[in-house]
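A.B. asks:
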Amino acid sequence: MNATIQAAVAAHGLTKRFGTFTAVDHLDLSIARGEVMGFIGPNGAGKSTAIRMFCGLLTPSAGSATVAGFDVGSQSQAVREHIGYMSQKFSLYDDLTVRENLRFFGGIYHVPRHELPERMAFALSMAGLKGQDDALVATLAGGWKQRLALGCAILHRPPVLFLDEPTSGVEPAARRMFWDLIHQLAGDGVTILVSTHYMDEAEYCNRIALIDRGKLVAMGSPGELRAHGLGGDLLEVTCSPLGVALKVLTGAPGVVEAAIFGDKLHVVLASEGLALDTLPAFLTRHGIQAGQTRKVLPSLEDVFVRLVSRGQDTRNAA
């Protein structure tokens, strides 16, 4: 059995154009059953457009995609019956109670009436809202609302779940609890594609797809992206004054990138040019007070910024 058949979500050259604007540009992607795939990218990168095509809500302009074995272009209704979807904007009804929201979405998803009480009980337990059936949704804190929305999205037990910026505006502790629920679902075999702009959340994903200007620019596990995404070694440099040091290092031999990071500089060095043991002397020759210089493990934010800026440099050169 090939990888495409095994994949719960697969895209080949998936493209979406709006007039002359290309929102998603020849996206190739494969997500296995039970995998948590992170969709990371700047605002306007095409993440939400891609998710809407996967959900059968937008027709691709070119290419193809399958979700749960169904073609998103020709079998969009079947796709929608086999997925759960949660948007970045809270989608439940504030003027209804918790129970009323669950019953409403149970009807929308055609959950059999005799199964609905059990499904609702599971959703309440998962969301931590057991005993709060009669609470108005408007009175719930943001984190509780998001967990309830997730419970509503999985009432029909979909094999694939799409979450579009699900924790936007939610406090950090509630976000972490939400991710515990995501991994609980993945452990039960649910395939999850989640878009987020929080770099710390990307660490919770099995793999990450980095999207910029509609194109897939990198994909791999968080560890793989940190190890290979910068194109060189990352050094943390203590020096003063920072602004002058930044100006001196920008464009210096072997410096791929330099940026201020708190009260220090983060400098990416290529294999040729300046190195860990020669950088302090280089700064001193330019009248900069150099302190400790050490190699550090890049964060996903470092990788994200580098890959996006690399793509911008390539486009500007063209």
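Taking my numbering, the leading residue of the sequence shown gets 16, the next gets one more, and so forth. Ideal placement from N, C-alpha and C gives every residue a C-beta, glycine not left out.
For GLY99 and ILE169, which I take to be in contact (beta-carbon distance under 8 Å), what is that distance rounded to the nearest angstrom?
C.D. replies: Right, the Cβ-Cβ distance comes to about 5 Å (below 8 Å), so this counts as a contact.
A.B. asks: Roughly how many whole angstroms lie between the Cα atoms of ALA249 and THR308?
C.D. replies: With the sequence shown as reference, residue 249 is identified as Leu, and Ala is not the correct amino acid for it. Each residue's Cα considered, the two are about 10 Å apart.
A.B. asks: Per DSSP, VAL273 is paired with what?
C.D. replies: For the record, residue 273 in the displayed sequence is Ala; it is not Val. BP columns for ALA273 point to VAL282.
A.B. asks: Check the Cβ-Cβ distances between GLY166 and every residue of chain C, and say whether any is below 7 Å.
C.D. replies: Absent from the structure: chain C. Only one protein chain is present.
A.B. asks: In angstroms, rounded to a whole number, what distance separates the CA positions of ALA142 and ILE66?
C.D. replies: About 24 Å.
A.B. asks: Which whole-angstrom value is the C-beta distance of VAL283 and GLY247, which I expect to be below 8 Å?
C.D. replies: Correct: roughly 5 Å between the Cβ atoms.
A.B. asks: Here's the rule I'm using: 16 or more other beta-carbon atoms within 10 Å means buried, otherwise exposed. How should GLY61 be labelled?
C.D. replies: Under this definition GLY61 is a buried residue.
A.B. asks: Could you tell me the distance, in whole angstroms, from the CA atom of GLN135 to the CA atom of SER89?
C.D. replies: Residue 135 is actually Met in this sequence, not Gln. One C-alpha to the other measures close to 32 Å.
A.B. asks: Just to check my reading of the structure: PRO57 and ASP227 have Cβ atoms closer than 8 Å, yes? What is that Cβ distance to the nearest angstrom?
C.D. replies: With 8 Å as the limit, PRO57 and ASP227 qualify as a contact, their Cβ atoms being about 7 Å apart.
A.B. asks: By a C-beta neighbour count over all protein chains shown, 10 Å radius and 16 as the cutoff for buried, is LEU312 buried or exposed?
C.D. replies: Exposed, because fewer than 16 other Cβ atoms sit within 10 Å of the Cβ of LEU312.
A.B. asks: Throw me the rounded Cβ distance for the ALA164 and SER106 pair, which I believe falls under 8 Å.
C.D. replies: Yes, they are in contact, since the Cβ atoms of ALA164 and SER106 sit about 6 Å apart, within 8 Å.
A.B. asks: Which word fits GLY334, buried or exposed, when buried means at least 16 other C-beta atoms lie within 10 angstroms of its C-beta?
C.D. replies: Outside the displayed span of the chain (16 to 333) sits residue 334, for which this structure offers no information.
A.B. asks: How is the alpha helix (DSSP H) around LYS62 delimited, first residue to last?
C.D. replies: 62-69 is the extent of the alpha helix (DSSP H) around LYS62.
A.B. asks: What is the DSSP secondary structure of ASP215, reduced to helix, strand or coil?
C.D. replies: DSSP places ASP215 in helix when its eight states are reduced to three.
A.B. asks: According to the neighbour-count rule (16 or more other Cβ atoms, all chains shown, within 10 Å of its Cβ), is ALA18 buried or exposed?
C.D. replies: Bear in mind that the predicted position of ALA18 carries a pLDDT of just 42, short of 50, making it unreliable; the figure below should be weighed with that in mind. ALA18 comes out exposed.
A.B. asks: Going along the chain, which residues of its own chain have a beta-carbon closer than 6 Å to the beta-carbon of GLY166, five neighbours each way excluded?
C.D. replies: Hits under 6 Å: ALA138, MET141 and ALA142.
A.B. asks: Measuring CB to CB, does ALA80 end up less than 7 Å from HIS97?
C.D. replies: Cβ distance not < 7 Å, so ALA80 and HIS97 don't count as in contact.
A.B. asks: Quick one: what's got a C-beta closer than 7 Å to GLY238's C-beta in the same chain, skipping five residues either side?
C.D. replies: Here the set comprises nothing.
A.B. asks: How many angstroms separate the CA atom of VAL271 from the CA atom of SER286?
C.D. replies: One C-alpha to the other measures close to 10 Å.
A.B. asks: Can the beta-carbon of ASP215 be found closer than 7 Å to that of SER63?
C.D. replies: No, Cβ-Cβ distance for ASP215 and SER63 is not below 7 Å.
A.B. asks: Run the CB neighbour count on ASN331, radius 10 Å, all protein chains shown included, and call it buried at 16 or more, exposed below.
C.D. replies: Model confidence at ASN331 stands at a pLDDT of 44, short of 50, so the residue's coordinates are unreliable; what they give is reported in the following sentence. Exposed: under 16 other Cβ atoms inside 10 Å.
A.B. asks: Can you name the residues that DSSP bridges to LEU73?
C.D. replies: Paired residue(s): none; LEU73 is not in a bridge.
A.B. asks: To the nearest angstrom, how far is it from the Cα of ALA333 to the Cα of SER314?
C.D. replies: With a pLDDT of 44 at ALA333, under the threshold of 50, the modelled position of that residue is not reliable, and no figure is offered here.
A.B. asks: Mind checking whether TYR108 and ASN116 have CB atoms under 7 Å apart?
C.D. replies: Yes, they are a contact pair.
A.B. asks: Do the CB positions of ARG32 and SER91 come within less than 7 Å of each other?
C.D. replies: Not a contact, by the Cβ cut-off of 7 Å.
A.B. asks: I need the straight-line Cα distance from LEU111 to ASP148, nearest angstrom please.
C.D. replies: Cα to Cα, the separation comes out at about 10 Å.
A.B. asks: Give a single yes or no on whether ASP86 has its beta carbon closer than 6 Å to a heavy atom of the ligand NAD.
C.D. replies: The model depicted lacks the ligand NAD and carries no ligand whatsoever.
A.B. asks: For SER91, report the span of its beta strand (DSSP E) as first-last.
C.D. replies: Looking at the DSSP string, SER91 is not in any beta strand (DSSP E); the run it does join, the alpha helix (DSSP H), is 91-96.
A.B. asks: Please look up how many angstroms separate the CB atoms of LYS279 and THR253, rounded, as I've assumed it's under 8 Å.
C.D. replies: Confirmed, Cβ separation roughly 5 Å.
A.B. asks: Who are the Cβ neighbours of LEU231 in its own chain at under 8 Å, not counting the five residues just before and after it?
C.D. replies: So the qualifying residues of the chain are LEU42, ASP43, LEU44, ALA224 and LEU225.
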